[in-house]
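Q: Here it is, the structure in full.
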Amino acid sequence: MEKLKQQFSKDRLITPSSNSVRNYIDSIPVDLLIDILSRFPPKSIARFYSVSRLWESILRCPDFTELYLTKSVARRRLFFALKVNTELLVFSSPQPQIPDENSSLVVEATPYKCFPKTFPTEICTALGGLVFLGTFLSRQPLVIVNPLTGEFITLPKLKTIGTKRFSFGYDPISKKFKVLCVTWSPCGTLSNIHQVLTLETGERLWRTIHDPVIPRYSINYDAICINGVLYSEAYYQGSSKIVCFDFKIEKVSFVNIDGMCNLRLFNCKGKLGVHQYDVQSRNEKLVFHVPKVYAYCHP
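When the sequence shown is numbered by the UniProt record's numbering, its final residue is 299 and no position is left out of the sequence of numbers.
Written out as structure tokens, the structure is:
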């Protein structure tokens with residue numbers, strides 16, 4: 001396998017116009033080629049689009065995206081973002097293994113990316129190697145960036161009035177990244193408005209989720225996406241809830257929590273872990289929820 005990797009070195013790829021090189025590259029079995037490409041870092045993947053039409057079609061395939069994201073989870077990276085004056089400097093580095101007690105830990109970071117002054121500097125969510133940047137200031141755009149390649153897209157503005165909460169997720173069925181916006185009026189009685197934007201479509205437009213049964217609830221700013229379902233802490237009629245938005249079918253459901261609790265959500269090997277702190281009794285407990293618990297019903 002290492003020998004095959006060497007055959008795709010930089011000096012072989014800078015001359016894709018050569019018929020002999022192109023024919024040799026395209027003669028590699030597709031399954032082997034996919035496995036090889038999935039092992040490269042994102043910065044190299046961005047350059048491989050111009051190698052040949054075959055490579056471009058593989059890299060744009062949703063199945064390859066899912067495979068690459070799955071392997072990326074096993075190759076976790078440390079992410080650094082530094083705010084310098086009004087600019088955002090971004091670094092990333094492979095997450096080191098636990099070092100020997102007698103060894104010194106050296107972390108080699110990638111060269112930083114400097115984003116424009118107009119970019120928001122608040123990191124909302126990091127998912128699949130992409131980072132969702134947002135802010136409470138309406139004059140600044142919402143941006144999704146790739147910190148390794150420096151590529152970014154700006155999301156269109158919403159015309160809905162009220163307090164907005166944005167979340168970033170991935171749909172494993174359609175193999176597409178999506179953004180959820182929940183809008184509610186803190187002093188009003190209207191139900192929350194749920195809108196979804198799909199990134200991989202040609203024209204990025206917000207779609208409203210029409211579900212008249214969804215009640216009005218307030219939502220916390222911490223959310224976590226597990227297997228295509230977004231989980232957030234919410235409050236409804238004086239009690240705590242976990243609101244679940246399934247990016248696969250774009251439906252909302254709730255998990256009831258006894259009493260008023262402070263919740264901390266985390267991903268534990270594909271299951272939702274919840275640390276609950278009861279405000280009144282001051283009791284704490286740790287709960288793990290499996291996906292089958294979440295039937296699509298409303299509180």
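Quick reminder that beta carbons are idealized off the backbone N, C-alpha and C, glycines included.
Got a sec, what are the start and stop residues for the beta strand (DSSP E) E233 sits in?
A: That run of the beta strand (DSSP E) goes 229 to 236.
Q: What span of residues does the alpha helix (DSSP H) with I36 cover, start to end?
A: 30 to 37 is the span of the alpha helix (DSSP H), which, as asked, contains I36.
Q: With 16 as the cutoff for other CB atoms within 10 Å, does T208 come out buried or exposed?
A: When all chains shown are included, T208 counts as exposed.
Q: Between P29, N256, S50, V287, which lies nearest to V274 when the distance is taken from Cα to Cα?
A: It is V287.
Q: Name the residue from G129, W55, I226, V145 whose alpha carbon lies nearest to the alpha carbon of K271.
A: When only C-alpha atoms are compared, the closest one is I226.
Q: L180 to L127, Cα distance in whole Å?
A: Rounded to the nearest angstrom, the two C-alpha atoms are 14 Å apart.
Q: CA-CA distance, D171 and T183?
A: Rounded to whole angstroms, D171 to T183 spans 21 Å at the Cα level.
Q: Got a sec, what are the start and stop residues for the beta strand (DSSP E) R53 sits in?
A: Where R53 is concerned, there is no enclosing beta strand (DSSP E), although the alpha helix (DSSP H) it sits in stretches over 53 to 59.
Q: Can you look up L199 in the DSSP assignment and give me helix, strand or coil?
A: Here L199 sits in coil by DSSP.
Q: State buried or exposed for K285, treating a residue as buried only when at least 16 other CB atoms are found within 10 Å of its CB.
A: Result: exposed.
Q: Tell me the rounded alpha-carbon separation between E200 and I153.
A: The alpha-carbon atoms of E200 and I153 are separated by roughly 11 Å.
Q: Please state the DSSP three-state secondary structure of Y68.
A: Here Y68 sits in helix by DSSP.
Q: Is it buried or exposed, N281, if we count other Cβ atoms within 10 angstroms and call 16 or more buried?
A: Here residue 281 is Ser; the residue named in the question, Asn, does not match the sequence. Counting Cβ neighbours within 10 Å, S281 comes out exposed, since fewer than 16 surround it.
Q: With DSSP collapsed to three states, give me the class of I257.
A: If DSSP states are grouped into helix, strand and coil, I257 belongs with coil.
Q: Under the DSSP definition of a beta bridge, which residues are partnered with W184?
A: W184 is bridged to T163.
Q: Rank R204, D222, L130, Q195 by C-alpha distance to the C-alpha of D211 and give the top, closest one.
A: With distances taken between Cα atoms, D211 lies closest to Q195.
Q: Would you report the Cα separation of N283 and G228, rounded to the nearest angstrom?
A: In a straight line, the C-alpha of N283 is about 31 Å away from that of G228.
Q: Let me know the secondary structure DSSP gives I249 once reduced to three states.
A: Note: I249 maps to coil in three-state DSSP.
Q: Provide the residue span of the beta strand (DSSP E) that contains T208, from first to last.
A: Its beta strand (DSSP E) spans residues 207 to 209.
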